[in-house]
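K.L.:
Sequence positions in the sequence shown follow the working numbering and run 168 to 470.
First the structure, then my questions, so here it is.
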Amino acid sequence: MNAIFGFLNTWLFAPVLRFFMELTNGSYAWSIFLFTLAINIILIPLSVKSQKASISQLKMKPKLDELKKKYGDDKQKYNEAMQKLYQEGNISMGGGCLPMIVRLFLVMSVFYLVTSPLTYLTSLSAAEIETAIAALDDTAKISYKQLAVIGQATSGNAAFANIKEAISVIDFDFFGLDLTLKPEFSLNFAKVTGAQLKLWIIPFLSFAAAMFSSVLSLAHQKRTNPDAPSMAGMMLTMPIMSLVISFSAPAGLGFYWACSSFIGAFIQIFVQECFGPRKAIADEQAKLISKKAAEEKNFLNGK
168 MNAIFGFLNT WLFAPVLRFF MELTNGSYAW SIFLFTLAIN IILIPLSVKS
218 QKASISQLKM KPKLDELKKK YGDDKQKYNE AMQKLYQEGN ISMGGGCLPM
268 IVRLFLVMSV FYLVTSPLTY LTSLSAAEIE TAIAALDDTA KISYKQLAVI
318 GQATSGNAAF ANIKEAISVI DFDFFGLDLT LKPEFSLNFA KVTGAQLKLW
368 IIPFLSFAAA MFSSVLSLAH QKRTNPDAPS MAGMMLTMPI MSLVISFSAP
418 AGLGFYWACS SFIGAFIQIF VQECFGPRKA IADEQAKLIS KKAAEEKNFL
468 NGK
């Protein structure tokens, strides 16, 4: 699995991130934001496909209700009939899950990208990086070794002078927050340093962005499809997951997650407005009205 993510990062994601770094004068944060924006725009066709799958399943609901009445408690016959119905309609039962799977795959790839910036964002050789890592104290206890090397280099440790030169074109700062550091959660606030407490902004920013996305999705669902099962109970699931992930990974990943939730929310609303159930129903009604008008016209013309 590591080899797959390594290949994707080396030949696809890292070059894109480096391109945005050149555009933003080396800003790591703005590069991640633009990278996330580009990825979400590229994934719009998948979101559209997911919406179309949802519409197809919505249209299938009356037929499924008939099957439930027909077969009652016989789940085996009901499932067989349901599968046949989906096959006849050329509808994939898991079609709406694809965008979510792709996004989770992306998060894993970005995780390796932000935890190995020396590998993907600099011209340092693998041997130079390994030498720098070997120079760290208590290497075995360090989770994110390349980020620890960067920390030593930026702190002025002469042993990492070549690393400092290699990362000199990258600005890891985001309004005073170092995105290479990992937020450390503790209920004992007395032990949390000022710098660490400040870094907590990233996880809570990620939580807020995910909550914003959940609230928008729920409100839009109620407006466009009032008969759909309520997802209110799931509204906190993604925000809490975002908070936990952001406290267990470098701030760069938490920042990516926040950007992804925020940008993704607006793109999802755009997709639902343009390709969602309400738009599909309006289009069908327009076709019916047009057809009826044409029939009336033909009748009046004696055709």
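Yeah, the Cβ is synthetic: ideal placement off N, Cα and C, and Gly gets one too.
Source: prediction; values computed, not measured.
Once DSSP output is grouped into helix, strand and coil, what is the label at F341?
P.N.:
F341: strand per DSSP, three-state reduction.
K.L.:
Excluding sequence positions up to five away, which residues of its chain have a Cβ less than 6 Å from the Cβ of S335?
P.N.:
Excluding positions up to five away in sequence, the list is empty.
K.L.:
Could you check if G421 is buried or exposed, using at least 16 other CB atoms within 10 Å of its CB as the buried criterion?
P.N.:
Classification for G421: buried.
K.L.:
Nearest to P229 by CA position, among V316, G419, L354 and L252, is which residue?
P.N.:
When each option's Cα is compared against that of P229, the closest is L252.
K.L.:
Mind checking which residues open and close the alpha helix (DSSP H) that includes F414?
P.N.:
T404 to F414 is the extent of the alpha helix (DSSP H) around F414.
K.L.:
Are there three or more Cβ pairs, one per stretch, closer than 8 Å when the segment 415–430 is compared with the segment 373–384?
P.N.:
Result yes; three or more Cβ-Cβ pairs closer than 8 Å.
K.L.:
Counting pairs of Cβ atoms below 8 Å between the segment 195–213 and the segment 317–325, do you hit three or more?
P.N.:
No, the segment 195–213 does not touch the segment 317–325.
K.L.:
Considering only their Cβ atoms, is the gap separating F339 from A299 smaller than 8 Å?
P.N.:
Not in contact: A299 and F339 (Cβ atoms no closer than 8 Å).
K.L.:
Please confirm whether S409 and F352 have their CB atoms less than 8 Å apart.
P.N.:
Going by C-beta atoms, S409 is not nearer than 8 Å to F352.
K.L.:
Terminal residues of the continuous alpha helix (DSSP H) containing D232?
P.N.:
Per DSSP, D232 belongs to the alpha helix (DSSP H) from I211 to Y238.
K.L.:
For S238 and Q250, what's the separation of their Cα atoms in angstroms?
P.N.:
Sequence inspection shows Tyr at residue 238; the Ser mentioned does not correspond to that position. For Y238 and Q250, the distance between alpha carbons rounds to 14 Å.
K.L.:
Could you tell me if M188 is buried or exposed, where buried requires 16 or more neighbouring beta carbons within 10 angstroms of its beta carbon?
P.N.:
Per the 10 Å Cβ criterion, buried.
K.L.:
What residue range does the alpha helix (DSSP H) around T286 cover?
P.N.:
Its alpha helix (DSSP H) spans residues P284 to L288.
K.L.:
Enumerate, from N- to C-terminal direction, the unbroken alpha helix (DSSP H) stretches of 4 or more residues contained entirely within the segment 289–368.
P.N.:
Complete alpha helix (DSSP H) runs here, min 4: 293–301, 312–321, 328–333 and 361–366.
K.L.:
Going by alpha carbons, who is nearest to K312 out of I337, S290, T347 and L291?
P.N.:
For the residues I337, S290, T347 and L291, the minimum Cα distance to K312 belongs to T347.
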